[in-house]
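Q: In the working numbering, the protein residues as written are 1 to 89.
Where a beta carbon is used, it is the ideal one built from N, C-alpha and C, also for glycine.
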């Protein structure tokens, strides 16, 4: 699991950083290593992945980060975790 998180986050870290910055979620000392949870699912041909730390969650559509929110534990058990996020057009 840790390898999957690091691979996904490392590939898109500049975009993740920009999304977190746009949402005001950067904070001090944010590092890829702080992201310790991952939840992924398919909806038709599209893969959704939520990668989270203790404080923020980032939604990836396929391999592109599209939104970030403050992390909420109810996100993990939701029937549609993507509904917590704003999806692009």
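Buried or exposed: where does residue 62 fall if 16 or more other Cβ atoms within 10 Å of its Cβ makes it buried?
A: Residue numbering aside, residue 62 sits at position 62 when the chain shown is read from its first letter. Classification for residue 62: exposed.
Q: Taking the DSSP output, what are the residues bridged to residue 50?
A: Locating residue 50 in the chain shown gives position 50, where the first residue counts as 1. Per DSSP, 39, 59.
Q: Am I right that residue 70 and residue 55 are in contact with their C-beta atoms under 8 Å? What's the rounded C-beta distance?
A: Along the chain shown, read from residue 1 onward, the residue named residue 70 stands at position 70. Along the chain shown, read from residue 1 onward, the residue named residue 55 stands at position 55. About 7 Å separates the two Cβ atoms, so the contact holds.
Q: What did DSSP end up calling residue 4 once you bin it into helix, strand or coil?
A: Position 4 of the chain shown, counted from the start, is the residue given in the question as residue 4. Residue 4: helix per DSSP, three-state reduction.
Q: Which residue marks the beginning of the beta strand (DSSP E) containing residue 66, and which one marks its end?
A: If you number the chain shown from 1, residue 66 lands on position 66. Its beta strand (DSSP E) spans residues 64-70.
Q: Express the C-alpha separation of residue 38 and residue 1 in angstroms, rounding to a whole number.
A: Your numbering for residue 1 matches position 1 in the chain shown. Your numbering for residue 38 matches position 38 in the chain shown. Spanning the two alpha carbons is a distance of roughly 7 Å.
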